[in-house]
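First up is the structure itself, then whatever we jot down about it.
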Amino acid sequence: MGEDPLNVVELWMQGKASAVHAPGFFCFMVFVALTSGMAVGQQRFPAISGLHVRGNQAFLTAEIVSWMQLKEGSPYDEALLAADLKALVAGYAREGYLKARVDSVLVGQEEGTQNVAVTIVVGEGRRALVRSLHVVGASDALPLEFMETLYTHSGEPFRQAALEADIQSLLRFFEEKGFPFAAITVRDLELSDGEVVDSVMVTLTLDQGKVVRLTELRIEGNATTAAGTILRESRFKEGDLFRGEYPLQIQRRLERTQLFSSVSLPELFVHEDGSAGLLVKVTEGNYNHFDGILGYIPSPQPGGEGYVTGLVLVQFRNILGTGRRLSARWSREERGTQDIQLRYAEPWVASLPLNLDGEFAQRKQDSTYVRRQYELAADLMITEEFSVGASFSQASVVPSEGQGAGSVPESRTTSAGLRVFYDSRNDPVTPSSGVRYRTEYHTGSKRTTGVSSLQAGRTSSTQRVTLDFEYVVSPFTRQIVATSLFLRDLRSGEIDPSDLYRIGGTNSLRGYREGQFLGSRLAWINTEYRVLVSPRSFAYGFVDAAYIMTPDRPSVGLVRSEQSKVGYGIGIRLDTALGLIGVSLALGEGDTFSTAKLHFRLVNEF
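If you count the sequence shown from 1, you need to add 5 to reach my numbering.
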């Protein structure tokens, strides 16, 4: 932006209507009252025993005194008093009382002491209203809709703060139009006397400067990440207009990649030939991510043995400095059950805002079945916060020998889907504000094979709907409320246990075992109240609630049921040299501290 505009009061007091020099604007008279036959001047620094203002109606005495340097109890100083009288008149002028004056000042010695009392008599005059606002020098007429957003309107009381805010709005307006060097000064404040009210015509002078188009984005500090990757993620384009929010947008885009520990706000520079660019400084961060959870589930039976659950997630987020990602996830919910997931993401395919990712997942459900799924997805990034995508997946279920063959049929499901994703959170790890939204819709067909008693060879349609919504807000300093809502719905004529959603545990319904409940229709909400002790460390309490519906499929051992569950607890997360360490204690319905679920979590970047 251009230089700050000239202070409105300075302009008024320096101009032809100067409050100091123009006769008739105000009279500055000082009457010194002497008592006990001794002049105040005999005491070099007498103390001020009282500071009074008379004639004021628009402002309280305390507010007027706050504009001045002299205070009760401070040494009396004639030079400071003279400066304070100017400040008093300037204070009135800031609020539109352009004819305010100091009628007289009385300085009287307190009887029996050398202290003095100061009394200032003011004449406030009438508050001036705005007659009109003119901007001289704009190449095009300013839009009426924009001018209506300004505070300085015809008929409104004149206020310096409002005019200065309007000048800043004008500068931002031209900055968004590609004129970052625009400058505005106050040319004139023309006061007119009226029979009932006084009015002032405000004239501003605008120097737009030259329009600035960016020719380069210069990057410093990238030791591993390729410059092309940074340019791509910043969405910088040669020839872009420099706009006010443009540097901040680039900073946020690069921060969202989670590739850097710090990203500077890009700085504008101009070459001698007039071409301009932005300089951004980055500090390489830790590209790889480890997330581990260890849980202990006590036995529901007195004296019984509990068991350990766990999750390990490893992500490589910047393969060869290109932003490619590879992740591996392993989890164990209960004895004999484990999940494995591998995912690879290829960003910006063919230099387009298009991401491709592939996934392989396998679940071994104790001695019942093994489910394998392959998925290929593509996401088009409309903005850095909003994307839409499509996916194709194929899943197969193979029952285990024995118990599995009688409860879960062998099947193959093929489906295609659409998805929408939006994320405006300011920090993906410890957000303090923002919204995250994700919804998916999948449709396909399922074909069962292998067991005639379970209607082998039958094909049925399937539909899945997924919705995730998270809202984070900071109602008070260092306090955060995070609320998340999740919905899951499966519809098919051939549902078996391998199709159902699982809920329970540290990532869904806390206070219960991992994957304890099965359902074809789920809805649950997580609410946390966090008290921050550092940017990434906090203590919190939480309440989770869920609705679970299981369909009626007697042939595969499913009985229709609907149930509601509530979990609650407390936890703490600390930012340490080892990483983010979290501990939580969760209780479900009917739990005591001896049956509470205890979880330890470590999140580390390396």
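Virtual Cβ for every residue (Gly too), placed ideally from N, Cα, C.
If only uninterrupted beta strand (DSSP E) runs of at least 3 residues are considered, those enclosed by the segment 64-121 are 106-114. A Cβ-Cβ separation of about 27 Å leaves Y379 out of contact with F391 under the 8 Å criterion.
Each of L85, A92 and L103 was checked against the Cα of E68, and the nearest Cα belongs to A92.
Counting only residues of its own chain and dropping the five nearest sequence neighbours on each side, S304 has a CB closer than 6 Å to the CB of E310 and G311.
The C-alpha of D432 is placed about 26 Å away from the C-alpha of A550. When C-alpha distances from L299 are compared across L318, R376 and D557, the shortest belongs to L318.
V413 is positioned such that its CB atom lies no closer than 7 Å to that of D557. Nearest neighbour of Y573 by Cα position, chosen from E129, V548, D203 and G422, turns out to be V548.
Nearest to F151 by C-alpha distance, out of Q165, L176 and L134, is L176. A distance below 8 Å between beta-carbons, with the five flanking residues on each side excluded, links R329 to the following residues of its chain, in chain order: N323, Y349, A350, E351 and P352. Within the DSSP secondary-structure output, P162 pairs in a beta bridge with L134. Across the structure, E181 and T208 are spaced so that their CA atoms are roughly 23 Å apart. A check of alpha carbon separations from A395 across P404, E389, D384 and S405 identifies D384 as the nearest. Of all alpha-carbon atoms in A528, G593 and R99, the one lying nearest the alpha-carbon of A167 is that of R99. Rounded to the nearest whole angstrom, the CA to CA distance from E77 to V126 is 17 Å. The secondary-structure analysis by DSSP pairs M554 across a beta bridge with R526 and E567. Under the rule that a run must span 3 or more residues, the beta strand (DSSP E) segments found entirely inside the segment 207-275 read 219-225, 265-268 and 272-275.
Taking C-beta separations shorter than 8 Å and ignoring five residues to either side along the sequence, the partners of R535 in its chain run Q484, I485, V486, A487, F543, A544 and Y545, following chain order. Sorting R430, F178, Q343 and F397 by C-alpha distance to the C-alpha of R257 places R430 at the top.
In the structure shown, I53 adopts extended strand secondary structure according to DSSP, grouped into three states. Here the C-alpha atom of T66 lies approximately 31 Å from the C-alpha atom of L155. In this model, F481 and S438 are separated by some 12 Å (Cα to Cα). Taking one beta carbon from each stretch, the segment 361-376 and the segment 340-347 have 3 or more pairs nearer than 8 Å; the two touch.
Of the candidates F426, H158, K215 and E225, K215 places its Cα closest to the Cα of V275. For F598, the closest of Y301, V313, Q399 and Y446 by C-alpha to C-alpha distance is Y301. A straight-line Cα-Cα distance of about 15 Å links T453 and V375.
Just so you know, the alpha carbons of V140 and T210 end up roughly 6 Å apart.
In the DSSP annotation of this structure, the continuous segment of the alpha helix (DSSP H) that includes L149 starts and ends at L149 to M152. By the 16-neighbour rule on beta-carbons within 10 angstroms, I387 is exposed. When beta bridges are read from the DSSP output, E445 appears opposite R424 and T471.
Membership of K369 in the beta strand (DSSP E) is indicated by the continuous run L359 to Q370. Judged by DSSP secondary structure, F598 falls outside any beta strand (DSSP E); it is assigned neither H nor E. DSSP places R329 in the uninterrupted beta strand (DSSP E) bounded by R329 to R337. Between the beta-carbon of F295 and that of F605 there is about 14 Å, and that puts the pair past the 8 Å contact cut.
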